[in-house]
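In what follows, a structure is listed as structure tokens, so that the remarks can point back to it.
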Amino acid sequence: MKRMVILTKYHVASLWNWRSVYLGRLVEPVAYFVFLVAGISAMVSDSFGTDYVRYALTGIFCLLAFRVFTFTVSDVSNDRKWGVYAIFTMQGGSPRAYLLTILAVDTLVFLVQSAILLLAYVGVSGWSITAPTLTAIIHNILVAVLVVWGWAGLGAAIGALVDSYSTRDMISTLTSLPIVLSAPLFYTLDSVPTYLYAIAKVNPLTYHVEWIREPSIENMCFAALWAVICYAVGAFALQRSDRVSSER
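As numbered in the UniProt record's numbering, residues 1 to 248 make up the sequence shown, in order.
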């Protein structure tokens with residue numbers, strides 16, 4: 001436990017070293033919400049009414065959860081490259097414990113992003129929000145945290161098993177746009193072309209955003225199962241990987 005706390009503090013401290021990157025991660029969701037969502041909301045007000053802003057808010061929560069995948073790939077590969085993971089395991093830390101420290105920092109960043117996004121939502125709503133709406137949004141965020149853990153586990157697996165930067169970059173590039181754009185984050189699937197509907201049905205993000213928007217007990221169980229399975233995949237990949245990567 002002590003080793004986990006120390007490594008978690010190290011990862012939190014590293015946020016300052018990469019402050020420009022993380023500042024971008026804080027500004028990005030607000031920019032999506034204030035500019036993209038506000039513009040689309042005015043255009044589709046007849047079909048969505050005032051609910052579109054809430055609809056898009058949960059879509060951005062899901063988008064932020066998916067972005068954790070790319071950042072975790074980078075974090076794990078850097079820890080292996082510079083010996084952080086090797087030192088942790090040499091001191092008796094397990095791959096599962098190491099991955100938990102990654103999840104802790106990813107969760108912290110996501111919660112800060114969500115808090116800022118919630119403030120933006122309140123501002124767009126005229127600085128008035130009812131208690132039931134606030135409670136519902138908190139439930140949305142809690143389910144999104146489970147989705148974050150799942151994507152972090154998959155990101156850790158890629159960061160553990162792929163030593164080539166170019167290969168990791170290709171994986172991120174080829175998967176990010178199709179996954180994000182084919183999921184109903186900012187639109188519904190009611191009137192999309194057939195090919196887009198078919199792609200959306202095999203897109204995990206489609207189901208993730210559904211879990212986040214409808215945080216029922218059943219959907220929370222699905223989200224928890226996703227988190228556990230992906231965490232196990234990430235821990236297994238870390239166990240099988242070299243402690244120090246060959247990348248230089």
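No residue lacks a Cβ here, since even glycine has one placed at the ideal position from N, Cα and C.
Q | Inter-residue spacing [alpha-carbon to alpha-carbon] between M220 and S166 | A | 36 Å
**Distance between S246 and L118 (C-alpha atoms, nearest Å)** = 42 Å
| Out of curiosity, what's the CA-to-CA distance linking A13 and R19? | 10 Å
- request: For my contact list, W226 and V147 are in at a C-beta cut-off of 8 Å; report their separation, rounded to the angstrom.
  value: Confirmed, Cβ separation roughly 7 Å.
**Q.** Own chain residues within Cβ distance below 8 Å of Y22, not counting five before or after
**A.** L15 and V109
- A144 versus I212: straight-line alpha-carbon distance, rounded: 6 Å
Query - Rounded separation between L196 and Q91 - CA only - result: 49 Å
(request) Pick out whichever of F71, T89 and L174 has its Cα sitting closest to the Cα of A156. (result) F71
The alpha helix (DSSP H) spanning A227 covers which residue range? I217 to R240
Exercise for review: Decide if V37 is buried, meaning its Cβ has at least 16 other Cβ atoms within 10 Å, or exposed.
Suggested key: buried
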